[in-house]
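Just so you know, the UniProt record's numbering puts 201 at position 201 of the sequence shown, and the rest follows in order with no gaps. Ideal placement from N, C-alpha and C gives every residue a C-beta, glycine not left out. Here the structure is laid out as structure tokens; the discussion comes afterwards.
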Amino acid sequence: MTDGLMREVEGAAFAASLYEAAKPVWEAGLRQPFLAELAEGTLDRERFAFYLKQDYLYLDDYAKVHALAFAKCDDAQIGERLANTIMNVAREKAGMHDYYRRAYGITPEELATARQSAFARAYTTNILTTAYTKPLVDILIAVLPCAWVYADYGTRLSAEYGDRLEGNPYRQWIETYRTDEFWQSSVWLIEALERLTEGMDESRLAELRHEFVVGVEHEYMFWSSAYDLQQSWRPEWNALA
């Protein structure tokens, strides 16, 4: 199905079609400068701090999307997973984010006054709109790119750079997302989507694949805009944002 060590769920045919649809963006995302330099340990601190602030704000909306999905869910197993994800987001913010916030001298006041970049806002507006206006299956598609892409990239970066991660200031970031525990946040979503899409007509499946590709594109732009320190659509507008 995939290249290299791309993490997948055996027998998940619909998930395989999602990856194939998004593959050009997905694979380009892994090789963009932000992640390449992060894995080498050479990523500029200012760029990573920009990313941290945006990710911190993103996680708030990510949790809200799961809460809205929970409100639309009548499947006990999926509902339990959604509730667990909300709690895990809180742990992530209190764990890894707090570690890096202190390491990079980002104060709580800076986080409280931080504003989303135009690209992060486009991402979260999309998933929130989906959560408010569309059925559960669309919401799970909307949040899958974040979980699956991070798990895949963390695994592949760890495999490629593992023997060079000693002393890398971003080692904890890579090791967090390479774990099987984090991978399970993708597995349950993929398995749920396999069930929910069973018997759907091809036009509806195509619509869901398009929604997934949009999400992977947003993941790409999230890192790309952090690398460029781009707060607004054009760099010269950054001071206005």
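- Note on geometry: alpha-carbon atoms of phenylalanine 50 and threonine 129 lie some 25 Å from one another.
- If you check the CB distance, alanine 192 and isoleucine 78 come in under 8 Å.
- Note that the C-beta distance between threonine 197 and valine 143 is not below 8 Å.
- If you ignore the 5 residues before and after tryptophan 173, its C-beta comes within less than 6 Å of no other C-beta in its own chain.
- About 12 Å separates the Cβ atoms of isoleucine 139 and phenylalanine 212, ruling out a contact at the 8 Å cut-off.
- Within the model, the alpha-carbon separation for arginine 209 versus alanine 16 is close to 10 Å.
- At a Cβ-Cβ threshold of 8 Å, leucine 68 and alanine 131 count as neighbours.
- Separation of the CB atoms of phenylalanine 182 and tyrosine 104 is rounded to 22 Å, and the pair is thereby denied contact status at 8 Å.
- In the three-state DSSP reduction, tyrosine 104 falls in the coil class, being neither helix nor strand.
- Taking a 10 Å sphere around the C-beta of glycine 167, we find fewer than 16 other C-beta atoms and assign the residue as exposed.
- Distance from tyrosine 220 to valine 65 at the Cβ level is roughly 19 Å; contact not present, criterion being Cβ atoms closer than 8 Å.
- Restricting attention to alpha helix (DSSP H) runs no shorter than 4 residues, the segment 86 to 157 encloses them at 96 to 103, 108 to 113 and 118 to 133, ordered along the chain.
- A check of alpha carbon separations from tyrosine 123 across Tyr161, Met87, Arg164 and Val214 identifies Val214 as the nearest.
- The C-beta of serine 203 has fewer than 16 other C-beta atoms within 10 Å across all chains shown, which makes the residue exposed.
- When the Cα atoms are used, leucine 229 and glutamate 236 turn out to be separated by approximately 11 Å.
- For glutamate 8, the closest alpha carbon among the candidates Arg91, Glu92 and Arg156 is that of Arg156.
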